[in-house]
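Chains as they are written, first to last, in the UniProt record's numbering: chain A, 1 to 254; chain B, 1 to 279.
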């Protein structure tokens, strides 16, 4: 079966003054349908650039990105992207933020409202429908962002360190939530993180990136699900994988 | 169990706050009482000292000012002239604000054009608007048009510059968010640029309101045969200080009403601002 996402010889450089700053060089990656791929790397290794290219937000300097064999030149509605920073509309309350992707798809108002209510319950924000983003905590805003992305019914999810700024407990809760939503949905997930444990707990494949997006390690993770964080920490296979990823990250820094 | 935990931490916690009448309104009542006392004291001292410490020809006195207002009211001078000035303010504000918002949106979207025009706009903005009055008299005569346009010229730049700033400061991330939802240019404009720039637009409108008054009155002071500026000039020419002060009282009342409008706009502005910033 052909991959959902395919990147070939991908390079990206940004222009600053008279210099080109290379963010990504000759990058290749295939993502299979229905898979959960964790992309692991230190900050500044081009992880976010990869996602922006996959989302079609920025054009590559050279090389190609394909979505189901079609070149990506602009954002597609089948692909949902949860960016690192909050991009909720501050003038819309929670419900209207979540309704927004449906609004653009011209879903009738009643249907929109029902679906939004259902999503709000699913991410555990019942009672906050009429709150504005600034009245919510960081974790709640993340959940609204997640619900908004899901409201667009994407078949592929791109997530850029979505839980990076949250406290450990909330992060664990949202990770569990994400897995629950993903399992059985048939969706493909590309999850970018700098946290080794997170990459291992979530992904069924971990790709470790070094500088300029060099793939240092591409490893299938066959740990059984559900993966309980507390049990995993003492699981010998988990510990061995953790060690390998740590080494790979260290090597990638060179 | 997890469901319980969720409910406790996620439901908004609303607690009734018990406050006595004084606890709730006390500060506001004291402030207003102090204001009233202050005005009363100033008026009394003024009235009492007018012939003792100062020459009443220069300072007039509150009772005379009041008499002048009553007299003008009976002659019909007061309202007819005030109405002229109010009209100039309203028309001037409307014309200037509409032109400012429209050209602000257009120019902010046309980046290259904006960069070309920017220094010229700033130069025009920096001209004191009084300096335009003689030119406007040549062009439009000394009737109402000239005052309306003088007020509009002042309002225009304030609204224009704030609108441009509002449009240009729209968060790139929000625009990308709409693009990711499959939105095109039109959606970006309608769902992001317009609401996001509202803060700038409203700030511009807010700042410009008092300037509409200033523009109109300056126009009247330079050349006119009607309006509050004309009343001031006329009274001063006859050494009628009571008349000058009476007009200033009317102007302050108009200014106070305009500031009330600004206050309402401010409340609208902060509707989606964080809770703690509101009072």
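The beta-carbon is built from N, C-alpha and C at its ideal position, and this holds for glycine as well.
All values reported here derive from a predicted model rather than from experimental measurement.
Bridge-paired residues (DSSP) for residue i
{"i": "residue 160/A", "result": "192/A"}
{"i": "residue 82/A", "result": "159/A"}
{"i": "residue 20/A", "result": "15/A"}
{"i": "residue 215/A", "result": "209/A"}
Rounded Cβ spacing between residue i and residue j (contact assumed at less than 8 Å)
{"i": "residue 249/B", "j": "residue 69/B", "result": "7 Å"}
{"i": "residue 178/B", "j": "residue 192/B", "result": "5 Å"}
{"i": "residue 153/B", "j": "residue 229/B", "result": "Not a contact, Cβ separation roughly 16 Å."}
{"i": "residue 200/A", "j": "residue 217/A", "result": "Actually they do not touch by this definition, with Cβ atoms about 12 Å apart."}
{"i": "residue 180/A", "j": "residue 37/A", "result": "That belief does not hold up - the Cβ atoms of residue 180/A and residue 37/A are roughly 18 Å apart, past 8 Å."}
{"i": "residue 212/B", "j": "residue 89/B", "result": "5 Å"}
{"i": "residue 150/B", "j": "residue 204/B", "result": "Going by Cβ atoms, the distance from residue 150/B to residue 204/B rounds to 18 Å, so no, they are not a contact pair."}
{"i": "residue 71/A", "j": "residue 12/A", "result": "In fact, because the Cβ distance is near 15 Å, the residues do not count as touching under 8 Å."}
{"i": "residue 94/A", "j": "residue 125/A", "result": "6 Å"}
{"i": "residue 10/A", "j": "residue 53/A", "result": "6 Å"}
{"i": "residue 31/B", "j": "residue 91/B", "result": "Not quite, the Cβ-Cβ distance comes to about 35 Å (not below 8 Å), so this is no contact."}
{"i": "residue 73/A", "j": "residue 46/A", "result": "Contact flag wrong, Cβ pair sits at about 20 Å."}
{"i": "residue 156/A", "j": "residue 79/A", "result": "5 Å"}
Identity of the residue in the options nearest residue i by Cα
{"i": "residue 145/A", "options": "138/B, 181/B, 127/B, 162/B", "result": "181/B"}
{"i": "residue 164/B", "options": "234/B, 114/B, 91/B", "result": "114/B"}
{"i": "residue 166/A", "options": "85/A, 233/A, 49/A", "result": "85/A"}
{"i": "residue 214/A", "options": "17/A, 19/A, 23/A", "result": "23/A"}
{"i": "residue 177/A", "options": "244/A, 206/A, 135/A, 120/A", "result": "120/A"}
{"i": "residue 153/A", "options": "110/A, 236/A, 104/A, 141/A", "result": "104/A"}
{"i": "residue 188/A", "options": "30/A, 10/A, 242/A, 15/A", "result": "30/A"}
{"i": "residue 123/B", "options": "161/B, 251/B, 247/B, 110/B", "result": "161/B"}
{"i": "residue 195/A", "options": "40/A, 8/A, 93/A", "result": "40/A"}
{"i": "residue 174/A", "options": "161/A, 13/A, 71/A", "result": "161/A"}
{"i": "residue 176/B", "options": "88/A, 25/A, 27/A", "result": "88/A"}
{"i": "residue 225/B", "options": "170/B, 156/B, 144/B, 197/B", "result": "144/B"}
{"i": "residue 42/A", "options": "223/A, 221/A, 164/A", "result": "164/A"}
{"i": "residue 105/B", "options": "146/B, 156/B, 53/B", "result": "156/B"}
{"i": "residue 26/A", "options": "65/A, 15/A, 35/A, 115/A", "result": "65/A"}
Proximal residues to residue i (C-beta, below 6 Å), its chain only, five neighbours per side dropped
{"i": "residue 222/B", "result": "133"}
{"i": "residue 108/B", "result": "164, 167, 168"}
{"i": "residue 15/B", "result": "none"}
{"i": "residue 60/B", "result": "241, 242, 245"}
{"i": "residue 231/B", "result": "81, 247"}
As assigned by DSSP and simplified to three states, the class of residue i
{"i": "residue 220/A", "result": "strand"}
{"i": "residue 234/B", "result": "helix"}
{"i": "residue 64/A", "result": "strand"}
{"i": "residue 91/B", "result": "helix"}
{"i": "residue 165/A", "result": "coil"}
{"i": "residue 253/A", "result": "coil"}
{"i": "residue 248/B", "result": "helix"}
{"i": "residue 38/A", "result": "strand"}
{"i": "residue 57/A", "result": "coil"}
{"i": "residue 71/A", "result": "strand"}
{"i": "residue 11/A", "result": "strand"}
{"i": "residue 27/A", "result": "strand"}
{"i": "residue 51/A", "result": "helix"}
{"i": "residue 6/A", "result": "strand"}
{"i": "residue 144/A", "result": "helix"}
{"i": "residue 92/A", "result": "coil"}
{"i": "residue 244/A", "result": "helix"}
{"i": "residue 205/A", "result": "strand"}
{"i": "residue 115/B", "result": "helix"}
{"i": "residue 229/B", "result": "helix"}
{"i": "residue 43/A", "result": "coil"}
{"i": "residue 61/B", "result": "coil"}
{"i": "residue 136/B", "result": "helix"}
{"i": "residue 178/B", "result": "helix"}
{"i": "residue 195/B", "result": "helix"}
The ligand MG heavy atom lying under 6 Å from the CB of residue i
{"i": "residue 145/A", "result": "Absence of the ligand MG from the depicted structure is noted, as is the absence of any ligand whatsoever, leaving it without description."}
Beta-carbon contacts of residue i that lie in its chain and below 8 Å, excluding the five residues immediately before and after
{"i": "residue 228/A", "result": "none"}
{"i": "residue 90/A", "result": "132, 133, 134"}
{"i": "residue 79/B", "result": "73"}
{"i": "residue 251/A", "result": "210, 216"}
{"i": "residue 112/A", "result": "99, 102, 103"}
{"i": "residue 235/A", "result": "223"}
{"i": "residue 183/A", "result": "225"}
{"i": "residue 208/B", "result": "93, 96, 97, 100, 154, 155, 158, 159"}
{"i": "residue 168/A", "result": "none"}
{"i": "residue 86/B", "result": "254"}
Residues near residue i in its chain [Cβ-Cβ closer than 7 Å; skip 5 each side]
{"i": "residue 3/A", "result": "30, 31, 32"}
{"i": "residue 254/A", "result": "none"}
{"i": "residue 83/B", "result": "none"}
{"i": "residue 138/A", "result": "165, 166"}
Cβ of residue i within 7 Å of any chain E Cβ
{"i": "residue 173/B", "result": "No chain E appears in this structure, whose protein chains are A and B."}
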